[in-house]
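Colleague: Mind having a look at this structure? Questions to follow.
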C-alpha cells in the first residue's frame, strides 16, 4: 500500500498558521482603530460654548416725580458674547429658546428673544436692547450707597440674564451634543439721573 504524500499535512499546518497570523493582524488592527477613534473623539468632541455679558449701557432713563405712584422708564443695552473654543465646532441655537431677560427685585420687567443663528466663528456678538416702560418705583428695591461725597443716592439694582439652548456639532456633523448656556450679572443705576454706578458684568 502506497503511503500518502506529506505535502497536504504541511499545507494544513501552513493554513492554520496563516489563519492565526491573519486573525492576530485583524485583532491588532481593530484595537488600533478603537484607540484611534477614542483619541479622535477626545480631540474633536463638541465642547460647550461660553456665554458672557459686557458693554452694559443705559441710553435712556426717565423717572416721574417722586410720589406714591412714581414710575421709571428706561432702556438697557448690552452685548452677549458666545465663545466657541474649538475651531472645528459649530454651535446652532434656536430662536424659541434664546432669551435675554431683565429683572428688578426678583421680578422680570423685560425680555428679548434673540433670532436663531449658526455660530461657526470662535466669537459671536449678540446685541441686546430691552426697554422698560413705567416701572412702579414702590415695587423696585432701592440700595443706598455712600458716594465719594458721603451723600446717599437711591440706586436701582437690575439683574441681566441670558440663556441659550442649542446644539454643538463637530467634525462633519459626526459628533452632536445638546448644550445650554446661562449667564447673569448685576448693575446698579442712580435713580436721579440714570447713571450706571456699578457694573458686575464682564
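Residue numbers (the numbering used here): 4 to 205.
Glycine included, each C-beta is placed from N, C-alpha and C at the ideal position.
1) Where DSSP assigns a beta bridge to residue 166, which residues make up the other side?
2) Tell me whether the stretch 161–170 and the stretch 32–44 touch, counting them as touching only if at least three CB pairs, one residue from each stretch, are closer than 8 Å.
3) Does the Cβ-Cβ distance between residue 120 and residue 96 come in under 8 Å?
4) Compute the distance between the beta-carbons of residue 167 and residue 40, then report whether it is under 8 Å.
5) From the DSSP secondary-structure annotation, give me the bridge partner or partners of residue 107.
6) Exposed or buried, residue 94, counting other C-beta atoms within 10 Å across all chains shown (16 or more means buried)?
7) Can you list, in chain order, the residues of its chain with a C-beta nearer than 6 Å to that of residue 59? Leave out the 5 residues immediately preceding and following it.
8) I want to see whether chain C comes within less than 8 Å of residue 88, judged by CB atoms only; does it?
9) Could you tell me if residue 116 is buried or exposed, where buried requires 16 or more neighbouring beta carbons within 10 angstroms of its beta carbon?
10) Let me check one thing: in DSSP terms, what residues is residue 64 bridge-paired to?
11) Based on the DSSP output, what are the partners of residue 86 in its beta bridges?
12) Given this structure, state the Cα-to-Cα distance separating residue 127 from residue 42, to the nearest angstrom.
13) Look at residue 112 and residue 135 and say whether their C-beta atoms are less than 8 Å apart.
14) CB residue 64 to CB residue 192, shorter than 8 Å?
15) Taking just the CA atoms, how far does residue 20 sit from residue 27?
Modeller: Quick look at the numbers:
1) 102 and 185
2) no
3) yes
4) no
5) 110 and 161
6) buried
7) 81, 190, 202 and 204
8) Of the chains in the structure shown, none is chain C; there is only one protein chain.
9) exposed
10) 77
11) 53 and 126
12) 29 Å
13) yes
14) yes
15) 10 Å
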